[in-house]
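Residue 38 in the numbering used here is what sits at position 34 of the sequence shown, and the numbering runs on without skipping anything. Scroll down for the structure; my scribbles are underneath it.
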Amino acid sequence: MPGDPGSGESPAAARRRLRLALRRARESAGLTQGKVADALDWSVSKVNRIEKGSVSVSTTDLRALLGLYGVVDADRAERLLRDARTSRLRGWWDEPRYREHLTPAMLQLLQLEGEASAIRVFQPTLIPGLLQTREYGEFVLNFWRSELPEADRALRLEARLRRRDQVLDRPDPPEFHLVLDESVLWRTIGGPRVMAGQFAALLRVARRPNVRVRIVPFADAAIMAMLAPFTLLDFGDEENALLYREGLLLDEIVHAAQRIGRHRGYFAHIWDSAHDEATSARLITERTAALTADLPAAQAPSVGG
5 MPGDPGSGES PAAARRRLRL ALRRARESAG LTQGKVADAL DWSVSKVNRI EKGSVSVSTT
65 DLRALLGLYG VVDADRAERL LRDARTSRLR GWWDEPRYRE HLTPAMLQLL QLEGEASAIR
125 VFQPTLIPGL LQTREYGEFV LNFWRSELPE ADRALRLEAR LRRRDQVLDR PDPPEFHLVL
185 DESVLWRTIG GPRVMAGQFA ALLRVARRPN VRVRIVPFAD AAIMAMLAPF TLLDFGDEEN
245 ALLYREGLLL DEIVHAAQRI GRHRGYFAHI WDSAHDEATS ARLITERTAA LTADLPAAQA
305 PSVGG
């Protein structure tokens, strides 16, 4: 039965807390993943997946791990068992109609970004899915029209919009930093009306106190050409961060601290080289005005609100 993250602790938060606790307990016991696998007659990949949070852990398996790690404190064990039960609750993204249209990496991202305290997005080509309007998203997804039927594209769009609501409109929204390449302003997807509507929506979001949007000028295009889009998620502590990387045909979730640290450095460099928020907002506003100049007044989007 699908769980309702709004009614209590979310499955993502419980799974994240559990995987970190199990890794620390294993390390405190002086065991490698290989030794754990041998002792419990599991595969190393199973231990690895549990510690990465990519699979849920049953209460039976959890008790076996706690016994092996020497965890004897009853209260601690009960908290971890409670987390294991909560982590197995299902979110809306687990519905069959969505699962077949979402990659494993995107499913993990959906589970976790709703709990992130900070999200940093680098996007050199498009408005990121989290901020796309319905019309803009439709045109982006139409790129796949030769491979995906209209009904499938509609489901992906619905998932994209639900994702936005889950992250940006929650009671405690994350700190959200977005860096766009200036070329995004000039890539008119869906025509002037759709693009202007997307920029108007972006400006409204950018006015929120937790959101900061910056544009990297054409003059700093070198690094933009070398990096694929990526998203950094933080959860209040360094070791609990993750990286999501996406390309045209492939995406991945990365937990490796070294790669996450490297992309933190990339983001910091790009952020510092970008226009500040006020200048970026002015550029977006000017581009919106140019796009709407020849539109009938009834079609011009509002940037207020």
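Backbone N, C-alpha and C define an ideal beta-carbon position, used for all residues, glycine too.
- Item | Where the beta strand (DSSP E) containing HIS267 begins and where it ends | Note, HIS267: premise wrong, no beta strand (DSSP E); alpha helix (DSSP H) at 261-277.
Grouping DSSP H, G and I as helix and E and B as strand, with all else coil, what is ALA232? Residue state, collapsed to three classes: coil.
Practice problem: Pull up the distance between the alpha-carbon of PHE271 and that of ALA78, whole angstroms please. | Solution: Their Cα atoms are separated by approximately 43 Å.
Is the beta carbon of VAL183 less than 8 Å from the beta carbon of TRP275?
In contact: VAL183 and TRP275 (Cβ atoms closer than 8 Å).
For chain B, find out if any of its Cβ atoms is closer than 8 Å to the Cβ of GLY95; answer yes or no.
Protein chains in the displayed structure number just one, and chain B is not present.
Note to self: I'd like to confirm the pairing. Which residues does DSSP put opposite ALA122 in its beta bridges?
What the structure shows: According to the DSSP secondary-structure assignment, ALA122 is paired through a beta bridge with GLU179 and ASP238.
Touching or not, the region 116-124 and the region 237-251, by the rule of three or more beta carbon pairs under 8 Å?
-> With the cut-off at 8 Å, the region 116-124 and the region 237-251 touch.
Subject >> Residues of its chain near GLU299, where Cβ-Cβ distance is below 8 Å and the 5 sequence neighbours each way are ignored >> reply: Going by the sequence as given, residue 299 is Leu instead of Glu. Result list for LEU299: PRO196, ARG197 and ALA200, in chain order.
Q: Starting from the N-terminal side, write out each stretch of the beta strand (DSSP E) that is 3 residues or longer and does not extend beyond the region 90-141.
A: Qualifying beta strand (DSSP E) stretches, in chain order: 122-127.
Query - Cβ pair count under 8 Å reaching 3, the region 207-214 against the region 162-181 - result: With contact defined as three or more Cβ pairs closer than 8 Å, the region 207-214 and the region 162-181 are in contact.
Next item on the list: Measure the alpha-carbon distance for ALA18 versus SER91 and round it to whole angstroms.
Entry: Approximately 5 Å, taken between the alpha carbons.
Taking only the alpha-carbon atoms, compute the straight-line gap between LEU231 and GLN127 and give it to the nearest angstrom.
Straight-line Cα distance between these residues: approximately 9 Å.
With DSSP as the reference, label LEU172 as helix, strand or coil.
The answer is helix: DSSP assigns LEU172 an H, G or I state.
**Asked** Between the region 149-162 and the region 90-108, are three or more C-beta pairs nearer than 8 Å?
**Response** Taking a cut-off of 8 Å for Cβ pairs, the region 149-162 and the region 90-108 touch, as three or more such pairs fall below it.
If you run the structure through DSSP and keep just helix, strand and coil, what is LEU211?
According to the sequence displayed, residue 211 carries Arg and not Leu. Note: ARG211 maps to coil in three-state DSSP.
Using the Cα positions of LEU106 and LEU116, report the straight-line distance between them to the nearest angstrom. Distance between the alpha carbons of LEU106 and LEU116: 15 Å.
Spatial neighbours of ILE264 within its chain, please: C-beta separation below 6 Å, excluding the five flanking residues on both sides.
Excluding five sequence positions before and after ILE264, the CB atoms of its chain that fall closer than 6 Å to its own CB belong to ALA245 and LEU247, given in chain order.
Query - Bridge partner(s) assigned by DSSP for GLU256 - result: Within the DSSP secondary-structure output, GLU256 pairs in a beta bridge with ARG249.
* To do: Would you mind giving the Cβ-Cβ distance between LYS56 and HIS267, rounded to the nearest angstrom? I have them listed as a contact below 8 Å.
  => Not a contact, Cβ separation roughly 18 Å.
Open item on the list: Can you look up ARG216 in the DSSP assignment and give me helix, strand or coil?
Closed with: ARG216 sits in a strand when the DSSP states are folded into three classes.
Q. Touch check for the region 26-39 and the region 125-145: three-plus C-beta pairs under 8 Å?
A. Between the region 26-39 and the region 125-145, the count of Cβ pairs shorter than 8 Å is below three; the stretches do not touch.
>> What does the alpha-carbon distance come out to for the pair ALA301 and LEU113?
In response: Between ALA301 and LEU113, the C-alpha separation is close to 39 Å.
- Cβ neighbours of LEU85 in the same chain (closer than 7 Å, five flanking residues each side left out): Cβ neighbours of LEU85 beyond the five flanking positions: THR63 and LEU66.
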